[in-house]
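> In the working numbering, the protein residues as written are 889 to 956.
Glycine included, every Cβ here is placed at the ideal spot set by N, Cα and C.
1) Taking the straight line between their C-alpha atoms, what separation do you get for residue 939 and residue 910?
2) Quick check on residue 954: buried or exposed, where buried means 16 or more other Cβ atoms within 10 Å of its Cβ?
3) Looking only at C-alpha atoms, which of 903, 930 and 937 sits nearest to residue 923?
4) Quick check on DSSP: helix, strand or coil for residue 931?
5) When DSSP labels each residue in this structure, what does residue 917 get in the three-state scheme?
Shown next, in the form of structure tokens:
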């Protein structure tokens, strides 16, 4: 039987939005743009822009989970 590994993602405020970290590793950034949209950035690459923060957060977490 396999054990499920729990991963804790920490969300911290930054100058331009929020940063998602696991341990000491930054896994994604969500930046607030001038037109009140949210850019999801993973590994320095722009993934997608969302109008709502919860959608941007969900996309950032999904992208991290798929990268595992």
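Quick answer:
1) 25 Å
2) exposed
3) 937
4) coil
5) strand
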